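Protein chains: 2
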Amino acid sequence: MAQRGSYAKGLAKREQIISAALEIVAERGYRKATVREIAEAVDLSPAGLLHYFGSREALCIAILEARDLRDSHDADEALDHRDPQRDNTGHGFFATFLEVIAHNATVPGLVQLYVQLAAEAAEPGHPARAFFTQRSRELEGFAIREIETAQRSGSIRQDLDPRWVARTLYALADGFQTAWLLDPSIDMSADIKVFIGLLAPPHSG
Amino acid sequence: MAQRGSYAKGLAKREQIISAALEIVAERGYRKATVREIAEAVDLSPAGLLHYFGSREALCIAILEARDLRDSHDADEALDHRDPQRDNTGHGFFATFLEVIAHNATVPGLVQLYVQLAAEAAEPGHPARAFFTQRSRELEGFAIREIETAQRSGSIRQDLDPRWVARTLYALADGFQTAWLLDPSIDMSADIKVFIGLLAPPHSG
DNA sequence: GTCTATATTCAGATAGAC
DNA sequence: GTCTATCTGAATATAGAC
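Protein chains in written order, with this note's numbering: chain Y, -6 to 198; chain Z, -6 to 198.
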C-alpha cells in the first residue's frame, strides 16, 4: 500500500482534516464551524480544503462515516465474545448499543453534527439524504437479526415485531440525542436501558 | 380589542406572513425558504417582513408557537370530555397525544421546520434554544401529571417513573418525526401506540 | 407605525494560475 | 495539490420615505 507518496499523503491529509473539523465543530458548534476556520486549522485555504472533500456537507458526511466505522468495529469486537443466552441482561447487542450511546454522551460535538446533519438531510434532494437513508437501512437490518435471536432465546417478548423494536430503538436514540443536547443532565443511556427492560417478557425475572 | 386600525392590521399581517411562510417551507424545504421569497409572497421587501419578526429565526419560532397554540387548544377540548378510568385505551392524554402525531403526518412542512429548528437550537446561544427548552419543560410537566393520573387509575404500570415516561414519549415522537421525514412510509402514530401499549400493567388485558 | 432602498458582511463554491 | 481571485446569494443594519 501507499504506492505513491502523493496518494498516502492525500489520505493522511483527509484524516487530519476530519480530525481538525471535528475539534472545531465541538468547540464552536456545527453552524459556526466554517470551511474557512477548518482550513486555517490545517494550514490550507478554503479552496484547498474543498479539493479533498468537494463541499462542506461532504466533509461532514466523511466525519460521520469515520465515526460509524469505529463504532461498528468496536461493536464487532464486543459481539464476538457474547453469550447469546444472556442478551437484554448485560451482554450482546443491547449492551453494545447502550455502550455506543454512553460513548456519544462524551462527544457532544459529534452528536450535534449528527443531529443537525440528519435534520438537514430530511430535505428532499439534500446531498446527505442518501447517506442517512442507507445508514438506517443497514443499522436496522442488523438490529432486526439480533432482536430475532434475542426473541428465540426468550430475553425479548415474542409478541413484538422485531422491525418495530429496531425502528423504535433507533428513533429513541435519535430523539434522546436531540433532547440531551438541549439538556445535558439527561442520562440517555440509562433512559434507553429502561426502555429495553420493557421489552423483556413480563414473567422473566 | 383592535383599538387602533394599525394594531389590528399588524396582527393580521403577522398571521398572513406566518401562513405564507409555512406554505413556502412546505413547498421548498426549510433551508430553501428564504426571507426574500417569503417576503415576495406577501408583497413585502425582506426588510419589510423583518419589521414584523426581527429575524428569520423569530419568524420560524412564531410559526411553531402558532402551531402549539392550536394543538393545545385542541387537546384541551378533547381532554375536557375524557373518562379518566380509560386512559391508555382510546381516550384521554395518550389518545390526544397520538392524534397530534397523526395530524403531524399530514403537514410535512411543519414537521421539517420543527425538526430542523430543534436541531439548530441545540447550538449554545441559539435564539430558539430558550423556546425549545421551555416548551419541553411545559409539555413534560403537563404529561407527568397526566401519567400520574393514569398510574393511579391502573392503566399505566406503577413501577415506571412518570418523568421517564414523559421524557421517553417526547423523545420517541421527535425521533420518529426525523425518521418519518426520511421515510414517509413509517406510521409514526401506530409505532408510538405500540410503545404506549408496553406501558400498561402486564396482567391487565 | 409601516415599509423601501441601499450597503455591508460573510458564507460556500468555482475557475484557472502556479 | 494548492493558491488567488471572484461569483452567487444569504441575512442583517441603517437611513429615511410614507
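Even glycine gets a Cβ: it sits at the ideal position worked out from N, Cα and C. This one's a predicted model, so the numbers in the text were calculated from it and none came from an experiment.
Interface residues of chain Z facing residue i [CB-CB closer than 9 Å]
| i | result |
| --- | --- |
| Y:G168 | T161, Y163, A164, L165, A166, D167, G168, F169, Q170 and T171 |
Start-to-end residues for the alpha helix (DSSP H) that takes in residue i
| i | result |
| --- | --- |
| Y:G85 | G85 to N97 |
| Z:D184 | M181 to L191 |
| Z:T27 | Taken as a continuous stretch (DSSP letters only), Z:T27 belongs to no alpha helix (DSSP H), as it is neither H nor E. |
| Z:Y23 | Careful: Z:Y23 lies outside any alpha helix (DSSP H) and carries neither H nor E. |
| Z:R122 | R122 to R145 |
| Z:V158 | P155 to L175 |
| Z:D67 | R49 to D73 |
| Z:P101 | P101 to A114 |
| Y:L37 | Careful: Y:L37 lies outside any alpha helix (DSSP H) and carries neither H nor E. |
Nonlocal neighbours in the same chain, by C-beta distance under 8 Å from residue i, ignoring five residues either side
| i | result |
| --- | --- |
| Y:L150 | Here the sequence assigns Arg to residue 150 of chain Y, which means Leu is not the residue at that position. The residues are Q144, L192, A193, P194 and P195. |
| Z:G198 | In this prediction, Z:G198 has a pLDDT of 48, which is less than 50 and means its spatial position is unreliable; nothing more can be read from the coordinates. |
| Y:Q(-4) | Any reading at Y:Q(-4) must be qualified, since the residue scores a pLDDT of 44, below 50, and its modelled position is unreliable; the value itself is stated next. Hits under 8 Å: none found. |
| Z:I179 | F169, A172 and W173 |
Within chain Z, partners of residue i - CB distance below 8 Å
| i | result |
| --- | --- |
| Y:D184 | W157, R160, T161 and A164 |
| Y:S129 | A172, L175 and D176 |
Residues near residue i in its chain [Cβ-Cβ closer than 6 Å; skip 5 each side]
| i | result |
| --- | --- |
| Z:G85 | R75 |
| Z:M(-6) | The pLDDT assigned to Z:M(-6) is 43, lower than 50, so where the model puts this residue is not dependable, and the model offers no usable value. |
| Z:E133 | A159 |
| Y:V35 | Q9, I10 and A13 |
| Y:P39 | V28, R29 and A32 |
| Z:S182 | L91, I94 and A95 |
| Z:A136 | A159 |
| Y:V18 | A26, G102 and L106 |
| Z:F124 | I54 |
| Y:N97 | V104 |
Buried or exposed by the 16-neighbour rule on C-beta atoms within 10 Å, applied to residue i
| i | result |
| --- | --- |
| Z:Q105 | buried |
| Z:E8 | exposed |
| Z:Q202 | Here chain Z has residues from -6 to 198 only, and residue 202 of chain Z is not among them. |
| Z:R60 | buried |
| Y:P155 | buried |
| Z:E20 | exposed |
| Z:D176 | exposed |
| Z:Y23 | buried |
| Y:A112 | buried |
| Z:G47 | exposed |
| Z:A5 | exposed |
| Y:A1 | exposed |
| Y:L200 | Residue 200 of chain Y lies beyond the residue range present for chain Y, which begins at -6 and ends at 198; the question has no answer from this structure. |
| Y:T161 | buried |
| Z:E131 | exposed |
| Z:E139 | buried |
Proximal chain Y residues relative to residue i, where beta-carbon distance stays under 7 Å
| i | result |
| --- | --- |
| Z:A23 | At residue 23 of chain Z the sequence reads Tyr, which differs from the Ala that was named. Those are E116, listed as they occur along chain Y. |
| Z:P195 | P195 |
| Z:F188 | T161 |
| Z:V191 | The question names Val, but residue 191 of chain Z in the sequence shown is Leu. Going along chain Y in sequence order, the residues near Z:L191 (Cβ under 7 Å) are L191. |
Cross-chain neighbours of residue i in chain Y, by beta carbon under 8 Å
| i | result |
| --- | --- |
| Z:Q9 | Those do not exist, as Z:Q9 stays about 25 Å from chain Y at its closest Cβ, beyond 8 Å. |
| Z:T126 | L175 and D176 |
Contacting residues, own chain, Cβ-Cβ under 7 Å from residue i (five flanking each side not counted)
| i | result |
| --- | --- |
| Z:R49 | V28 |
| Y:T89 | A68, A71 and L72 |
| Z:G41 | A32 |
| Z:A166 | I94 and I185 |
| Y:L15 | I56, G102 and L103 |
| Y:S129 | Y163 |
Chain Z residues whose Cβ lies nearer than 7 Å to that of residue i
| i | result |
| --- | --- |
| Y:E16 | Within chain Z, no residue comes near Y:E16; the closest Cβ sits about 16 Å away, beyond 7 Å. |
Residues that residue i contacts on chain Y, provided the C-beta gap is smaller than 9 Å
| i | result |
| --- | --- |
| Z:A112 | Y23, Q105, V108, Q109, L110, A111, A112, E113, T171 and L174 |
Residue i beta carbon near the ligand NAD (any heavy atom closer than 7 Å)
| i | result |
| --- | --- |
| Y:A123 | Ligands in the displayed structure: none, and consequently the ligand NAD is not present. |
What residues in the region 39 to 71 of chain Z bring their beta carbon closer than 7 Å to a beta carbon of chain Y? none
Along the region 137 to 149 of chain Z, where does the CB come closer than 7 Å to a CB of chain Y? Name the residues. none
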